[in-house]
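Working notes, structure below.
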Amino acid sequence: MRIAVIERTLCRPSKCNLECVRFCPINRAGSKCVWIDEEVNKARISEQLCVGCGICVKKCPYRAISIVNLPKKLGKELVHRYGPNSFELFRLPIPKKGKIVGLIGSNGVGKSTSLKILAGIIKPNLGRYNEPPDWKEIIRFFRGSELQPYFEKLSQGKIKAVYKPQTVDKLPRYFKGRVSELLKKVDEKSIVQDLKELLALDKVWNRELSKLSGGELQKVAIAAVMARNADIYLFDEPASYLDVKERLRAARAIRKLAESEQKYVIVVEHDLAVLDYTSDIINILYGEPGVYGVVSLPRGVRAGINAYIEGYLREENTRIRDYRIEFYARPPPAEWRPETVMLRWTTLEKNLGDFTLKVESGEIHKGEVIGILGPNGIGKTTFAKLLVKELEPDNGYIESFSGMELSYKPQFISRVDYPGTLREFLIDSEVDLSSSFVQTELIKPLGLTPLMDRYLSELSGGELQRAFIAATLGREANVYLLDEPMAYLDVEQRYAVARAVKRLTSERQVATFVIEHDIVAIDFLSTTIMVFKGLPGREGYASAPSDLRTGMNNFLREIGITFRRDPETKRPRINKEGSWLDRYQKEVLKEYYYVVLEDSREKAK
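See below:
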């Protein structure tokens, strides 16, 4: 089975020499395998005539063409195709009443498409985009599976679905007014007051939606979905914009929805710890982003996430990645010599209206990555702006050494009005595209190669985030500062960014600050930790950099949760609050993070 996909945003027949048409061997033999569709002014490829030689893929100057060969038997499980030479989705996750089904996979392999099909927003066409099947044929396609009765009810209007989209920043465009007004308007179960307490919305209850931050909008969107009376609830990345404590608050609310009301719930999430904490069942989605996606067989949470980390699905004998994601059971020691200091600061104070920030004195060294943890509104970005001199401290000073250059990626990306392509943007950002480090550690791992000739204004949030990370890490500097670089990125992209940060910092002997809410990512890339505490929006207090073990324990003690390590992959897993293990770690071990417990198989040995 052969799939030929053309990325329409990249295909520009008016600006190329039609290499795909001219060099196709089938065309040169007199047949019509590749041609320009005059209606849309884009290239088209006949998958029946294509022999998979790959010449058009290599010759296309804009890298708009992908040709993939798949097992023939997979064609019998094709659920949806968007159009000619477009993305294909194979199989669907199966909703379970009273259980939370978690979806994990790279961006662009069909997670959001799966949610929209199950929500009834997209009607599956079984690959026949020209002559879509009716509901009777679709139901027959899924006969013998749990999806057959599900689609029977969906087609008859007996299943009502509510969908929380990935992007919540558009919410103020559709509703003008206060948070309380919105939630009372959509409250079909008379639980609005319970949701106010459950998601801690009291501080924003009487505020206009247009005045809310990303994290506040996320919680309002989750509450608006939960207030609706539906049979299936679909959450697309509910942890985005939220800090660690708020992520757990949202996860608890979603779990309560599934357990107490016995509803179907499906969650897409890239934070491994939150996905683990929230889900009962895991479906892995794999494939080639933008080309095709395959939904794996359902697995238990631990087995599913571990299989994804390993990159190999044993039951299906399928390798989805040529490397495993590595975690470390114990933090590496951090020892610094005085001559390696890159930047030093005294005790700092900064007042911004009603907010006050105090920072303990500290320093950063060559080869050191300082991970910065803390809740939203506590002063992390203010500290970043002090470091890059966008703000001046009211008390104290920052000492930078001669010849020091700083590269900064801000939290909010505002240069989307850049008129040129990604390639031009990187060049203007002083990134050397001929550098082997830039190509092997940034451009290729972050999947920017096919985006190089796309205009910056056309990129999605995740693509734009990756572009700014490449621009920040790709330029020459002594100190790098990344503010929430993992937002919008999938697990593999987060791993690629973390690996690039570690390698850049170590090999070039530079220093890096990373502000992030993904505690798994911070654990992976950091050498030392700064913890921010206080009262969000009122006062913040930042500790001096400490070793990973001390920093993680201080941070988790502050928010009252514990982690254990998976005995196989060593990935961090959140303990259920009040569980025996949670109490044992807090009261006996006094260890909130670096705990590896043997499973029953290891004990048996």
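Each position in the sequence shown, counted from 1, maps to that position plus 55 in the numbering used here. Note that CB positions come from ideal geometry on N, CA and C, so glycine has one too. The model shown is predicted, which means the values in this text are computed figures rather than measured ones.
- If one requires a minimum length of 4 residues, the alpha helix (DSSP H) runs lying completely within the stretch 257-301 are 269-282, in chain order.
- It is roughly 49 Å from the alpha-carbon of V556 to the alpha-carbon of K208.
- The criterion of a C-beta distance shorter than 9 Å is not satisfied by T583 and I364.
- S121 counts as buried, since at least 16 other C-beta atoms from the protein chains shown sit within 10 angstroms of its C-beta.
- Just measuring C-alpha positions, the residue of E518, V280, S295 sitting nearest I309 is V280.
- Taking C-alpha positions only, L303 is separated from E390 by approximately 34 Å.
- Looking at E381, Q273, T560, the one whose alpha-carbon comes closest to that of P227 is Q273.
- Of the other Cβ atoms in all chains shown, 16 or more fall within 10 Å of the Cβ of S161; this residue is therefore buried.
- Around E539, the same chain offers Q466, I570, E571, H572 as residues with beta carbons nearer than 8 Å, after the five sequence neighbours per side are excluded.
- Bridge partners of K588 according to DSSP: Y596.
- Classified as exposed, V106 has fewer than 16 neighbouring CB atoms from the shown chains inside 10 Å of its CB.
- Taking the Cα of K70 as reference, the smallest distance to any Cα among I629, N96, E132 is reached at N96.
- According to DSSP, E454 shares a beta bridge with R399.
- Residues of the same chain with a CB within less than 7 Å of the CB of E370, apart from the 5 flanking positions on each side, are L352 in chain order.
- Residue K413 holds the alpha-carbon nearest to the alpha-carbon of L403 among P627, K413, V396.
- In the structure shown, A59 falls within a strand segment according to DSSP collapsed to helix, strand and coil.
- Inclusion of S235 and G269 in the CB contact set at 9 Å is not warranted, their separation being larger than that value.
- Cβ contact annotation for D377 (same chain, cutoff 6 Å, sequence separation greater than five): none.
- Residue pairing by DSSP places Y347 opposite E143, E343 in a beta bridge.
- Counting the other Cβ atoms within 10 Å of the Cβ of E263 gives fewer than 16, which makes it exposed.
- Judged by DSSP in its simplified three-state form, A216 adopts strand.
- For the pair I177 and H135, the CB atoms are nearer than the 9 Å cut-off.
- In terms of CA proximity to L461, S484 leads the group R198, E394, Y137, S484.
- Bounds of the alpha helix (DSSP H) holding I360 are 356-365.
- C108 counts as exposed, since fewer than 16 other beta carbons sit within 10 angstroms of its beta carbon.
- Excluding five sequence positions before and after R146, the CB atoms of its chain that fall closer than 7 Å to its own CB belong to E132, V134, V349, V350, given in chain order.
- In its chain, beyond the 5 residues on either side, E418, I419, L442, I453, E454, S455, F456, M459, V534, A566 have a beta carbon closer than 8 Å to the beta carbon of L398.
- Cβ-Cβ distances below 8 Å link R478 to L488, M507, D508 in the same chain, with the five nearest sequence neighbours on each side left out; the list follows chain order.
- A direct Cα-Cα distance of roughly 8 Å separates L129 from M56.
- When C-alpha distances from S265 are compared across D242, D291, D449, K231, the shortest belongs to K231.
- When DSSP states are grouped into helix, strand and coil, S416 belongs to the coil group.
- Residue pairing by DSSP puts H135 in a beta bridge opposite L144.
- In this chain, the alpha helix (DSSP H) harbouring L327 covers 327-333.
- Taking a C-beta distance under 9 Å as the contact criterion, G502 and Q564 do not qualify as a contact pair.
- Looking at the backbone, the Cα of S334 and that of E314 are separated by about 11 Å.
- Pairing F438 with A278 gives a Cβ-Cβ distance that is not under 9 Å.
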